[in-house]
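The listed protein sequences correspond, in order, to chains Z and D.
If you're matching positions, the first sequence starts at 2 in this note's numbering and goes up one per residue.
If you're matching positions, the second sequence starts at 2 in this note's numbering and goes up one per residue.
Below: the structure, in structure tokens.
There are 2 protein chains.
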Amino acid sequence: MENEMHNPVKPLVDNIIALRTSLKQYYIQKIKEQHLDITYEMLQVLAALWKKERMNQQDIAVAIQKNKASVTPLLDNLCKRDLVKRVNDPNDRRNNLIELTLKGDAYRELLTPVQQDLYKAILKEITEQKVLEITEILEKLTVIIDKQ
Amino acid sequence: MENEMHNPVKPLVDNIIALRTSLKQYYIQKIKEQHLDITYEMLQVLAALWKKERMNQQDIAVAIQKNKASVTPLLDNLCKRDLVKRVNDPNDRRNNLIELTLKGDAYRELLTPVQQDLYKAILKEITEQKVLEITEILEKLTVIIDKQ
DNA sequence: ATAAAACAGTTAAATATCAAACTAAATTTG
DNA sequence: CAAATTTAGTTTGATATTTAACTGTTTTAT
């Protein structure tokens, strides 16, 4: 959002949006280089499942910060590509438990290095101390905004 | 993106995405409170035009960090709502010059306070010095990521 | 001057997003 | 225990996003 006032927060907001765009573009490019037929958003789902298998769709929605109505078509597309499968939960028939297929798990080996490369590149130029410090401030910022 | 390693960059990335989501949600809520029939993305276009009138679509795309193919339907929707109009550029017939309508300009009075309120709320809890500092680091981060 | 390249915008097709309304299942409450 | 509420997931409808191919216009280079 822009206006004519001089306010230091405006460039900050712009940079947050730009940074998120750059992150997304980074992953899109790496996915393309490996000729994988997935989107950034599908990668977000896979990454969440690499961390914790067998989540239901609601858990996935929370983990990747999306609306549960967005998760339904995302999982449809991941199933179509044989990367995950939906499994009934016998203990609570409302749940779809989401499981990685072998292919979905194999993508881990292809894509976690991509993540690690980026993290290493960042830590080569910014100290861990600084990273922790701005993480804390961004967290605080999120709280402030959510309070409004 | 997640994995099992302990890496301080992971929480930073998560916070960037969360913060962008919070920002978007903040504006969506304020738009809703005023019963305005626009999306966050349309607001981004309007805000760019409040700063600089009569941009072509390419300029708008750059200003709001979107693909030019995304800008076409965005402007279609803004025209449909009578907030902007497309004007032919006699000097370069490739260009659509985008102009605010009276209604589009009136939205400025409704929505710039929303922006200012947020900026003030942030500066009440985080010093200007800190804001400038993290802006600089985020800028640096974007450069690092784009270089990969 | 003309051919090639660059540029602005649109379109198509696939995907993603969100709110709201909905179904079905589980839980809470009186 | 039955009714009310909550929860998980889907659907719908409108919008946004991306890449790639395409049209028309302008600029560049020979």
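We put the beta carbon where it would ideally sit given N, CA and C, even for glycine.
- Of all residues in the segment 59-71 of chain D, the ones placed with a Cβ closer than 7 angstroms to any Cβ belonging to chain Z are Gln66, in chain order.
- For Ile146 (chain Z), the enclosing alpha helix (DSSP H) stretches over residues Glu129 to Lys148.
- Contact annotation: the segment 75-83 of chain Z touches the segment 36-51 of chain Z, with at least three C-beta pairs closer than 8 angstroms.
- In the structure shown, the three-state DSSP call for Arg21 (chain D) is helix.
- Per the coordinates, the alpha-carbon of Thr143 (chain Z) lies some 24 angstroms from the alpha-carbon of Val46 (chain D).
- Of the residues Z:Gly105, Z:Ala64, Z:Asp90 and Z:Pro91, the one whose Cα lies closest to the Cα of Asp83 (chain Z) is Z:Gly105.
- For Ile99 (chain Z), DSSP records a beta bridge to Z:Met56 and Z:Arg87.
- At a Cβ-Cβ threshold of 8 angstroms, Gln130 (chain D) and Asn97 (chain D) do not count as neighbours.
- The residue among D:Gln149, D:Lys69 and D:Arg55 with its C-alpha nearest the C-alpha of Tyr120 (chain Z) is D:Gln149.
- Chain order gives the chain D residues near Arg21 (chain Z) as Ile17, Ile18 and Arg21, where near means a beta carbon separation below 7 angstroms.
- Residue-level contact check: Thr73 (chain D) does not touch chain Z, since none of the beta carbons of chain Z fall below 8 angstroms from its beta carbon.
- Contact between the segment 123-139 of chain Z and the segment 124-141 of chain D is present: three or more C-beta pairs spanning the two stretches fall below 8 angstroms.
- Annotation: Leu103 (chain D) to Asp90 (chain D) spans about 20 angstroms, alpha carbon to alpha carbon.
- Within the segment 116-128 of chain D, the residues whose Cβ lies closer than 9 angstroms to some Cβ of chain Z are Gln116, Gln117, Asp118, Leu119, Tyr120, Lys121, Ala122, Ile123, Leu124, Lys125, Glu126 and Ile127, listed in chain order.
- With a cutoff of 8 angstroms on beta-carbon distance, Glu126 (chain D) and Ile145 (chain Z) are scored as near each other.
- Taking the Cα positions, Lys53 (chain D) is about 18 angstroms away from Gln117 (chain D).
- Here Lys11 (chain Z) is buried. Its C-beta has 16 or more other C-beta atoms within 10 Å.
- If you check the CB distance, Arg21 (chain Z) and Ile17 (chain D) come in under 8 angstroms.
- For Val14 (chain D), the residues of chain Z that pass the 7 angstroms Cβ criterion are Leu24, in the order they occur in the chain.
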